[in-house]
Every structure is written in structure tokens, then in C-alpha cells.
Amino acid sequence: MADYLVIVESPAKAKTIERYLGKKYKVRASLGHLRDLPRSQMGVDVENNYEPKYITIRGKGPILQDLKKEAKKAKKIFLAADPDREGEAIAWHLAHQLGVDDHSDCRVVFNEITKDAIKESFKNPRPINTDLVDAQQARRILDRLVGYNISPILWKKVKKGLSAGRVQSVALKLIIDREEEIKSFVPEEYWSIGADFSKKEGNFEASFYGTAGKKVKLTDKTQVDEILSNLDGDDFTVHQVVKKERKRNPAVPFTTSSLQQEAARKLNFRAKKTMMIAQQLYEGITIGKEGIVGLITYMRTDSTRTSETAQAEARSHIETMYGEEFTRKTKAASKSSAAKTQDAHEAVRPTSVLRTPEAMKAFLSKDQLKLYKLIWSRFLASQMAPAILDTVTVDLINNDVQFRATGSQVKFQGFMKVYIESHDDKEEEKDNVLPPLTEGETVKCSSVDPKQHFTQPPPRYSEARLVKTLEELGIGRPSTYAPTLDTIQKRGYVTLDAKRFVPTELGGIVNAAVNQYFSDITNAEFTAKMEQSLDHIEVGEVPWVTVIDEFYKDFEKHLKIADEEMEKIEIKDEPAGEDCEKCGSPMVYKMGRYGKFMACSNFPDCRNTKAIIKPIGVTCPLCKEGEVVERKSKKNRIFYGCDRYPECEYISWDKPITRPCPKCESTLVEKRLKKGLQIQCTECDYKEKPQE
């Protein structure tokens with residue numbers, strides 16, 4: 001019979017840890033939280049210091065009973081839930097339910113599921129950290145007070161099934177504010193002048209810089225024509241050559257947020273998918289004769305710190321694989337959030353760099369391998385020497401008109417041999433080598449190419465960009481980003497168009513209502529300060545009841561005003577102005593999860609529905625009579641066609657825009673590329689820089 005009972009969160013983890021610990025230990029899983037606030041009611045006693053009312057989660061009763069039976073047989077119980085606020089709270093709840101003294105050395109934490117890490121953690125058990133528990137409890141109560149108070153008002157005034165939340169409401173407001181920026185954006189014209197230069201050793205390109213040594217911004221064709229008229233012949237003098245050696249440092253290892261962002265950019269993974277696969281890699285994968293092995297450290301962290309042991313192993317591997325000159329000579333800087341306990345964690349890294357992606361390929365699914373390779377490469381690169389680039393800037397002058405050519409060449413690859421951060425890939429993919437140029441020599445200009453451009457509106461948020469923005473604003477925590485993005489989509493507040501968030505009409509209505517009566521909830525600065533207060537609870541600087549009370553006293557006043565003054569918003573069925581082709585009844589506009597659609601007013605007897613054809617304000621480029629409208633295919637993919645169909649058969653997957661091509665006057669369209677959105681001509685080679 002086992003002497004010790006160890007309780008973890010997942011069955012996969014339980015099997016691995018039991019194998020590492022041996023026969024004296026029995027390891028069981030709680031399957032996450034066993035107790036929580038009730039779903040059917042607030043569950044917070046506002047009049048009694050916000051005392052939470054915890055109940056056993058429905059369906060978890062049998063698990064709790066089994067754990068109680070095992071606990072009675074054990075000499076000692078170890079609580080080994082995840083090493084974060086949530087895990088500490090699970091351990092605290094288990095201690096109370098199983099009769100474990102939370103001041104005793106009952107808590108065991110580890111950042112990676114490897115034999116050495118597990119055995120070491122059991123040598124150093126500790127009491128449950130009540131400050132961490134208080135911080136989790138404060139967050140849970142705060143979210144409950146917000147959600148369970150605002151949501152009923154939204155149900156009563158707008159529509160059933162709606163919700164609001166601290167992080168969710170800020171995320172929605174960011175998306176809606178960005179959409180307003182895009183709608184109100186007025187494009188500004190600007191020009192560039194490119195030129196080709198030639199000499200015996202090779203040709204090169206340069207761009208107009210300015211006149212009389214000063215940088216000049218070109219705003220219209222008149223200005224461009226004036227510049228070009230000042231040129232005197234084809235000869236340019238090399239005025240200045242500046243050569244520099246530049247070091248480029250590797251990116252730090254992944255935090256949860258940066259992992260989600262990079263997986264979105266490089267692998268096209270949604271935040272939810274990234275976290276699901278990372279969880280699998282953390283909990284363990286069966287690796288041949290080794291059995292189940294945790295391949296990465298804990299994936300919910302704000303820290304970029306890594307252990308000295310892991311760094312030493314990485315440096316040794318780098319030296320063996322690439323040579324001593326590729327190893328990092330100085331200690332890398334690390335950054336972390338204000339949450340001190342979160343920094344007790346490490347960054348997301350492989351548990352051993354010796355388990356290379358190539359060696360793990362046979363044991364991992366395609367997606368697991370992609371994510372593991374990303375984590376492995378990023379960590380290894382973080383321990384490598386900086387890359388060294390030779391850069392050259394050359395100024396060329398003709399009659400006071402200055403052009404500038406820039407070149408760069410990788411002199412020493414360093415970390416770039418293994419990994420380059422995605423947003424820099426475009427810049428570093430190719431060397432731009434200039435021929436040898438010396439000050440005072442003359443070079444020939446073979447052609448000049450002036451181009452008209454227009455400024456672009458700010459891009460809609462992708463998942464990666466929204467996660468980055470929330471993190472920069474100090475809103476939410478590693479564990480909250482994926483569920484937040486999931487919630488605003490499930491509620492029908494936003495949809496994804498080309499992997500970018502577009503607010504629905506319903507999202508706009510909810511945002512307006514919450515923003516009018518609960519401006520603190522949608523205010524990014526206020527929400528960030530609340531996150532800081534939760535961090536202060538975590539390190540024992542302030543009691544959790546004080547933080548909740550300061551918030552709720554003001555919040556309660558707003559609740560009363562909203563309940564009394566918020567007008568009921570009736571989302572009426574508007575007449576669509578056409579009859580149902582199936583039964584002849586009038587068609588109406590209805591509000592659905594993904595915005596408005598057309599439906600028969602004779603529902604439920606007639607269930608005919610149609611997508612709304614949405615004009616985009618562009619004249620059909622084919623027939624010049626009709627208007628281009630947005631339609632949806634049977635697979636819900638957006639395309640564009642003429643409203644005179646079938647008389648006019650114009651169709652395009654790419655969205656046409658109002659202004660014509662500045663080069664040939666043909667139709668410009670928005671082309672969706674992996675790099676972002678690009679404006680390009682359908683007839684000639686005119687293109688504008690991709691909008692990320």
C-alpha cells in the first residue's frame with residue numbers, strides 16, 4: 001500500500017509523476033477545480049465582507065469522494081496542482097475538503113514534468129501560499145460581481161444570453177474603437193521616387209531622400225515634377241558612404257503571450273489551439289522507451305527567466321552543433337511582469353534541448369511538432385551569440401537633389417542560424433549588397449520611377465495583435481487571453497474575417513450600453529490598475545477584501561443608475577422590402593449571432609433565410625452600370641459580385657476599392673496575403689506595401 005497520496009490536476013500528469021516517484025506514492029487527478037461559486041446565483045455575500053459561497057462543481061462529487069477515501073489511507077498528502085494562482089487555489093480547496101492543514105508542508109510545485117524536477121520538488125514541500133489564494137479568490141469574486149450584475153441588465157434591456165466582463169469588455173471596446181478609426185480614416189496621398197543606378201561592378205537601387213541635405217516628404221505630383229525638373233543629366237556624385245557594423249540580439253524565450261503571438265504569425269494557430277497543444281507538451285508525450293515525458297516547462301507564465309542548468313545545457317549543445325563562437329558570451333536580459341510570484345516561474349522552454357525537434361518527430365503529431373520546434377528554436381537562439389550585420393548607407397547627389405541607397409549583409413549569423421522572430425523575417429530574408437562605392441566618384445542613373453501612394457487605415461486586430469495590445473496595456477493574465485477571445489466570438493460580439501476581428505452590430509450595441517453606464521469596466525487604464533491591485537494582493541501588500549470593497553462601492557452606484565435609466569433596446573425585425581420566394585410572406589431583417597440576416601416573417605411555418613447583400617460603394621468595373629456588393633458563398637466565405645447578376649457576371653474574391661490604379665486607371669483590390677492586406681491592381685504590376 002502506498003504511504004503518500006499526491007493530487008495533481010490531470011490524469012496524464014498523474015501517470016507520469018507516479019512512475020517517477022515509485023511505489024510509495026499514489027498519484028491521483030482532481031481534473032481541475034472541485035469547488036467553485038454556484039452558476040445559478042451570485043454566490044458572493046456582499047453584506048458579509050464579500051464572503052464567497054463555494055459548492056462542489058456538478059459532476060465532480062464522485063471524484064471528491066474517491067479522493068477522500070484515498071486520503072484516509074495515506075500517511076501524508078501532497079497537493080501538486082499547477083504552479084500559478086489557479087493551481088494554488090485548487091490546492092487550498094483540496095486541503096479544506098480533505099482535512100489537510102494548509103500551514104503544513106503539503107504543497108509541491110514544479111515548472112516541468114521531468115524526473116529530476118519532480119524528485120527535487122518533493123524534497124522541498126511548502127505550506128499553501130494564502131496570498132496567492134487570496135489573489136485568485138479576489139479575481140474570481142471581482143469577475144463574478146461584474147458579470148452577474150451587468151449581464152442581467154443586458155438581458156433585460158437588450159437581449160437574453162448576453163454578458164459583460166472585465167477583460168472581455170475592454171477587448172471588445174478595442175476592436176470597436178479600431179473599426180471606428182478605420183471608418184473615419186481619410187487616405188492621404190504621398191509619393192516616392194525610386195531610381196536605378198549602374199556602374200561596372202554592378203547595378204543598385206536608391207530612393208529620393210531630400211534636397212540641400214534636408215529630408216523632404218513628397219505629398220503630390222507637382223512637387224515630384226519639380227524635383228525631377230531639378231535633375232541635371234544622368235550623372236550622380238557619391239556624396240557620402242557610411243559603413244557600420246551592427247549587432248542584432250536574439251529574442252528572449254517565450255512568455256505565454258509571446259508564444260501565442262508567434263504561433264499565430266508563424267504557424268497560423270489560434271490562441272486556444274496554441275494553449276491546448278502546449279498543455280499536451282507540458283503534461284507529457286510518450287517517447288519510446290523513456291515513456292511519458294514532459295517536453296516543455298509550464299506554459300502559463302509572464303517570465304522570460306530560465307534556469308542556469310537549462311542555459312548550460314543549451315550552450316553545450318550550441319558549441320557541439322555550431323561551434324564555440326555561436327555561444328552567448330554575456331548573460332541575456334530578462335523581463336517579467338510586476339507579478340513577483342509569476343516570475344518564480346521560468347519562461348516557456350524545452351525541458352531538454354537534447355530532445356531536438358528532429359529526434360521528437362516520430363513521437364509528435366504534426367501540430368505538436370510545429371509548436372515544439374518553435375519553442376525549442378526560440379530558446380536555443382536566446383542562448384546564442386548576436387548576429388553581426390555590415391550596413392552601408394550611400395548618399396548620391398545631382399544638383400542638390402539627394403538619393404539614398406542602403407545595403408546590409410549578414411557578416412556573422414549568430415542566433416539567426418536557428419531562429420528569427422517573425423515580424424523581422426521580411427527585413428532579414430535577403431542580403432541587399434551594394435557594389436563598392438567611394439566618396440567623390442560618379443555613377444550613372446539609368447532610370448527614375450516616381451510612384452503615387454496613399455496612407456492606409458490602421459489594420460483590424462488579429463488574435464496575435466490583440467493579445468499583444470492587451471499585454472502592453474497590462475490587462476489580463478497569461479491564462480485569460482485565449483478564453484477571452486473565445487468568449488467574445490461565442491457571444492456573437494465579433495466575427496473573424498480573414499483572421500481579423502470585425503465587430504457585429506450586436507457587439508456594437510453591447511459595447512455602447514456598457515460603455516455608457518460602466519465606463520470603468522471598458523476603460524483600459526482602470527482595468528490595468530485593477531490587475532496591479534490583484535498583484536499587490538498576491539505579494540501580501542494589501543488585503544483582498546479592501547480591493548474588492550473599493551471597487552464595489554462605486555460599481556454598485558452605477559448598477560442602480562443603469563437599471564433605472566438604461567433604455568430598453570428593441571432589436572426589431574425590420575422589413576427587408578422583398579417577399580419570401582418560398583411562401584410569399586414579407587422577408588424581415590433579424591439579428592443573429594453573426595449580425596443581421598434576412599428571414600421569412602412566417603417563421604416557424606417557413607424557415608427560409610437569406611444572407612444580406614451588402615453594397616460596398618464601388619461601381620462594377622465590368623459593366624460600369626451596377627454596384628459591387630458583398631455576398632457569402634455556401635461555405636460562408638465572403639466574395640464580391642455585381643448587383644446586376646446574372647446580366648453582369650463580375651465576380652471577385654478580392655474586395656475592389658473606390659480609387660483607381662494610379663498607374664493604369666484599372667481596378668484596385670484588397671489582396672489578402674500571409675503578410676497582411678495588400679492593395680494591388682488587377683491589370684498592371686502596381687502594388688502597395690502590405691498592411692500587417
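In this text, residue positions in the sequence shown follow UniProt numbering: the first is 1, and each later residue adds one. Here a beta-carbon is modelled for each residue, glycine too, at the ideal position from N, C-alpha and C. Source: prediction; values computed, not measured.
In the three-state DSSP reduction, M530 falls in the helix class (H, G or I). Straight across, the Cα-Cα distance linking L281 with F379 is about 15 Å. P478 sits buried, since 16 or more C-beta atoms from the chains shown fall within 10 Å of its C-beta. Here the alpha carbons of K689 and P660 stand approximately 17 Å from one another. For the pair F403 and F269, the CB atoms are not nearer than the 8 Å cut-off. Remark: C-beta atoms of I287 and F363 approach each other more closely than 8 Å. Non-local C-beta neighbours of N432 in its own chain, meaning closer than 8 Å and more than five positions away in sequence, comprise T406, G407, S408 and Q409, ordered along the chain. Considering only R246, E112 and H93, the residue with the shortest C-alpha distance to T297 is E112. A contact is defined here as three or more CB-CB pairs under 8 Å, and the stretch 465-485 meets this definition with respect to the stretch 531-539. Leaving aside the five residues that flank L162 on each side, the residues in its chain whose CB is nearer than 7 Å to its CB run, in chain order, S151, L154, W155, R491 and V510. The beta carbons of V216 and V394 sit no closer together than 8 Å. Excluding five sequence positions before and after Y20, the CB atoms of its chain that fall closer than 6 Å to its own CB belong to K115 and I118, given in chain order. Around the CB of P62, fewer than 16 other CB atoms lie within 10 Å, so the residue is classed as exposed. Taking a C-beta distance under 8 Å as the contact criterion, P52 and V44 qualify as a contact pair.
Listed in chain order, the beta strand (DSSP E) runs fully inside the stretch 524-603 are 574-579, 586-592 and 595-600, counting runs of at least 3 residues. Distance from the CA atom of D102 to the CA atom of W92, rounded to whole angstroms, is 7 Å. Contact between I616 and Y640 holds: their C-beta atoms lie close to 7 Å from each other, under 8 Å. For Y148, the enclosing alpha helix (DSSP H) begins and ends at T130 to K157. P503 is positioned such that its CB atom lies closer than 8 Å to that of E179. In the three-state DSSP reduction, L364 falls in the coil class, being neither helix nor strand. Between A80 and V108, the C-beta spacing is below 8 Å. In the three-state reduction of the DSSP assignment, D302 falls in the coil class, being assigned neither a helical nor a strand state.
S601 and V628 have their C-alpha atoms spaced approximately 28 Å apart.
Around the beta-carbon of K173, 16 or more other beta-carbon atoms lie within 10 Å, marking it buried.
Judged by their CB atoms, V418 and I375 are not nearer to each other than the 8 Å cut-off. Within the DSSP secondary-structure output, T286 pairs in a beta bridge with I292. When the five nearest sequence neighbours on each side are left out, the beta carbons in the same chain lying within less than 7 Å of the beta carbon of A14 are those of V8, V27, R28 and A29, in order along the chain.
Within the same chain, Cβ atoms closer than 8 Å to the Cβ of L94 are found at I7, S30, L34, L67, L79, A81 and V100, the five residues on either side in sequence being excluded.
Taking a contact as a CB-CB distance under 8 Å, the pair E670 and K655 counts as one, their CB atoms being some 4 Å apart. DSSP places K444 in the uninterrupted beta strand (DSSP E) bounded by T442 to F454. Within the model, the alpha-carbon separation for I638 versus E581 is close to 23 Å. Closest in alpha carbon position to I176, among S104, E683 and R460, is R460. Excluding residues up to 5 positions away in sequence, R349 lie with their Cβ nearer than 7 Å to the Cβ of A310 in the same chain.
The residue among L295, G291, F551 and K266 with its C-alpha nearest the C-alpha of Q279 is L295. F326 has its alpha-carbon roughly 7 Å from the corresponding atom of I318. Check the Cα spacing between F597 and each of L622, E565, E556 and I571: the tightest is with I571.
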